[in-house]
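S.K.: The numbering used here puts the first residue of the sequence shown at 1245, with every later residue one more than the last.
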Amino acid sequence: MLSLWIPGEALSLNNAYFNRRGGGRTLTPEGRAFKAHVKHLVLQERPALPARGRLALTLQFHGHWETKAGEPRRRDLSNAVKLLEDALFDALGMDDCRVRALSVTATQSDTPGMFVRLETI
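#1: Would you kindly check if the distance between the Cβ of Glu1289 and the Cβ of Leu1336 is under 7 angstroms?
#2: Quick check on DSSP: helix, strand or coil for Pro1291?
#3: Can you check whether the CB of Ser1353 is closer than 7 angstroms to the CB of Gly1307?
#4: Spatial neighbours of Ala1277 within its chain, please: CB distance less than 6 angstroms, with the 5 preceding and 5 following residues excluded, ordered by chain position.
#5: For Ser1247, report the span of its beta strand (DSSP E) as first-last.
#6: To the nearest angstrom, how far is it from the Cα of Thr1364 to the Cα of Thr1355?
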């Protein structure tokens, strides 16, 4: 199992990639830094996960998801999910196709960060 707190605001796919001339998408410097940061934190944890089998992934995004008036900010939660999932599984050297249960929440908080829990099912 892996249980991990990643400090900082979630990065969306829109800020992590840019379109190249002639086609294709490339990570921005911000996207590369995010993935490197996640990898560093994952490797510090040294999670014991089996090489095979199905996984359950829980993601909790903490940060500024609402305006001061309590209205939802224009942020697409699913864009943050895919980037974090890709960064996490790249760091683990695993294929994210193993995820068979996914739980995602966004919580208003003055302490931005992402909580990740990955376990076998």
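Even glycine gets a Cβ: it sits at the ideal position worked out from N, Cα and C. Note that this is a predicted model, so its numbers are computed, not measured.
M.R.: In brief:
#1: Counting from one through the sequence shown, the residue named residue 1336 turns up at place 92. Counting from one through the sequence shown, the residue named residue 1289 turns up at place 45. The Cβ-Cβ distance between Leu1336 and Glu1289 does not fall below 7 angstroms.
#2: Within the sequence shown, the letter at position 47 stands for residue 1291. Residue state, collapsed to three classes: coil.
#3: As a first step, residue 1307 is located in the sequence shown; it is residue number 63 there, counting from the start. As a first step, residue 1353 is located in the sequence shown; it is residue number 109 there, counting from the start. When the beta-carbon positions are compared, Gly1307 and Ser1353 come within less than 7 angstroms of each other.
#4: As a first step, residue 1277 is located in the sequence shown; it is residue number 33 there, counting from the start. Residues of the same chain with a CB within less than 6 angstroms of the CB of Ala1277, apart from the 5 flanking positions on each side, do not exist.
#5: Locating residue 1247 in the sequence shown gives position 3, counting from the first residue. Segment 1246-1251, the beta strand (DSSP E) holding Ser1247.
#6: What you label residue 1364 is simply residue 120 of the sequence shown in a count that begins at 1. What you label residue 1355 is simply residue 111 of the sequence shown in a count that begins at 1. Going from the Cα of Thr1364 to the Cα of Thr1355 covers about 29 angstroms.
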